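Peer 1: For the record, in the sequence shown the residue sitting at position 260 is 270 according to my numbering, with numbers rising by one throughout.
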Amino acid sequence: MKCKITLLPGDGIGVEVTEAAVKVMNQVADNFNITLEFNSQLIGGASYEKNGSPLTDETLQSCYDSDAVFLGAAGGPKWENLPHHLKPEAALLKLRKALGLFTNIRPAKIYEALIDSSTLKKEVLQGTDFIVLRELTGGIYFGTPRGFDKNRGWNTMEYSYEEVERIARMAFKMARERGKKVTSVDKANVLEVSQFWRNIVHEVHKEFADVELKDMYVDNAAMQIVRNPKQFDVLLTSNLFGDILSDIAGMITGSLGMLPSASIGSKYSLYEPVHGSAPDIAGQGKANPLAAISSAAMMFNYSFGMQKAAEVIEEAIERTLAQGLRTPDIFSEGCRSVSTEEMTNAVIENINEIYHNQALGVFTL
Ligand code: NAD
11 MKCKITLLPG
21 DGIGVEVTEA
31 AVKVMNQVAD
41 NFNITLEFNS
51 QLIGGASYEK
61 NGSPLTDETL
71 QSCYDSDAVF
81 LGAAGGPKWE
91 NLPHHLKPEA
101 ALLKLRKALG
111 LFTNIRPAKI
121 YEALIDSSTL
131 KKEVLQGTDF
141 IVLRELTGGI
151 YFGTPRGFDK
161 NRGWNTMEYS
171 YEEVERIARM
181 AFKMARERGK
191 KVTSVDKANV
201 LEVSQFWRNI
211 VHEVHKEFAD
221 VELKDMYVDN
231 AAMQIVRNPK
241 QFDVLLTSNL
251 FGDILSDIAG
261 MITGSLGMLP
271 SASIGSKYSL
281 YEPVHGSAPD
291 IAGQGKANPL
301 AAISSAAMMF
311 NYSFGMQKAA
321 EVIEEAIERT
331 LAQGLRTPDI
341 FSEGCRSVST
351 EEMTNAVIEN
361 INEIYHNQAL
371 GVFTL
């Protein structure tokens, strides 16, 4: 099997964690006997510096021509004062829209070795394993009219029937493969667009009678994630609500450096760590590569149908953490402080060990 991947390292630590993820991908490709073909392109500030635009047609074309896209991170203080459409962050929105990536998936699960480093109590966290399914190409981030003048600022929160229907269907399908529970988040007591959202989710639910559906107001959902995260299986949200709730859910795992994500549409998919370019630690070898590596695991699973490969990567991350290796963002007493590269190499060693300790026959696609 041959898979074409467009790499968009971007800015700051995006470059460092992409390098780490590629090392891991290459190892897994070796073990599982597949060929990965990489095409690296600029995005964000790096692209603006070279081309005067944060996202060029060439980069976009490379994404269209690939089986999957892997993104590091884009942005940084240097480009903060550019006009909105030239900012690195604008490239991300444009890219998601252009690739039709209407769903963002963020797992919120506990790594056993890190359970004590979370700000939440161990007994609250234990057994937590849910995903936030966030609508990514509609809602208030894209609605028009939008703007501001001296006296007023305005945005529009809008969803079409089709936009809600397709993500609701994806949520129910995913729940069917997991804990068979969807919690749909809205603010239907105040917002008409949320009542519309709720109506459609219930309509789609009729096709999935085996999956439990619960509605939850967004303010309550924020509270419940911290109070009792175990209650969730698939948390279905609009764009804005998901942006906020997935960061709250993210803190369950302790650090931004641990959070992977996948963005999926009907034709294309993009994988990226949740964190940004972290200018405060860029170029110092301090970046935690595990979010990026775990995003690569999601890529093997969702884009290449290699669930076993994804499991091996996740198991290798668990083992590396259990061995006490920590980048500074997740460091705690008694652990060994390591660099981005050392952490990556340890994960690779563990991947190989897991691979060699099992019968080769297990590793079929
Ligand atoms: P950030 O995620 O870059 O950093 C927040 C904090 O978390 C920093 O202290 C950073 O050092 C730490 N951190 C983040 N990732 C880490 C990792 N892998 N290992 C260790 N520590 C890590 O968020 P920010 O500082 O608000 O944003 C910086 C830039 O990144 C901004 O320009 C922002 O717009 C951009 N950004 C991009 C993306 C993306 O590309 N998807 C996402 C968020 C922010």
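Yeah, the Cβ is synthetic: ideal placement off N, Cα and C, and Gly gets one too.
These figures come from a predicted structure and were not determined experimentally.
Less than 6 Å between C-beta atoms, sequence neighbours within five positions excluded: which residues of the same chain meet that for THR374?
Peer 2: Per-residue confidence for THR374 stands at a pLDDT of 45, beneath the threshold of 50, marking its modelled position as unreliable; the derived number appears in the next sentence. Hits under 6 Å: none found.
Peer 1: Just checking, does the stretch 216-225 make contact with the stretch 105-113 on the three C-beta pairs under 8 Å criterion?
Peer 2: The answer is no - the stretch 105-113 does not touch the stretch 216-225, with fewer than three Cβ pairs under 8 Å.
Peer 1: Leaving out five residues on either side along the sequence, give the residues of the same chain with a beta carbon under 8 Å from the beta carbon of LYS132.
Peer 2: Correct list, in chain order: ILE125 and ASP126.
Peer 1: Quick test of your reading: ALA108 and SER57, contact by CB under 8 Å. State the CB separation rounded to the nearest angstrom.
Peer 2: Not really, about 14 Å apart at Cβ, beyond 8 Å.
Peer 1: Any chance the CB of GLU99 is under 7 Å from a heavy atom of the ligand NAD?
Peer 2: Within the cutoff, so yes.
Peer 1: Excluding the 5 residues flanking ILE15 on each side, which residues of the same chain have their C-beta closer than 8 Å to its C-beta?
Peer 2: Only MET35, LEU46, GLU47, PHE48, ASN49, SER76, ASP77, ALA78, VAL79, PHE80 and MET309 meet the Cβ criterion.
Peer 1: On the CB-based measure, 16 or more other CB atoms within 10 Å of its CB, does TYR278 come out buried or exposed?
Peer 2: Counting Cβ neighbours within 10 Å, TYR278 comes out buried, since at least 16 surround it.
Peer 1: Cutting at 8 Å between CB atoms, please list the residues of its own chain near GLY153, excluding the five before and the five after it.
Peer 2: Excluding sequence neighbours, GLY153 sits near ASN165, THR166, MET167 and GLU168.
Peer 1: For the ligand NAD, I want to know if PRO270 counts as a neighbour, meaning its beta carbon is within less than 7 Å of at least one of the ligand's heavy atoms.
Peer 2: Checking every heavy atom of the ligand NAD against the Cβ of PRO270, none is found closer than 7 Å.
Peer 1: Note the first and the last residue of the continuous beta strand (DSSP E) segment covering PRO283.
Peer 2: Note, PRO283: beta strand (DSSP E), 279-283.
Peer 1: Answer yes or no: do LEU143 and LEU280 have a C-beta to C-beta separation smaller than 8 Å?
Peer 2: No. Outside cutoff.
Peer 1: Using beta-carbon positions only, say whether SER304 and PRO270 come within less than 8 Å of one another.
Peer 2: Contact: yes.
Peer 1: Return yes when the Cβ of MET353 is within less than 8 Å of the Cβ of PRO299, no when it is not.
Peer 2: Going by C-beta atoms, PRO299 is nearer than 8 Å to MET353.
Peer 1: Residues in its own chain within less than 6 Å of PHE251 by CB, not counting five upstream and five downstream?
Peer 2: Excluding residues within five positions, the ones whose Cβ falls inside 6 Å are VAL195 and VAL228.
Peer 1: Let me check one thing: in DSSP terms, what residues is TRP164 bridge-paired to?
Peer 2: Note: TRP164 sits in a beta bridge opposite GLY157.
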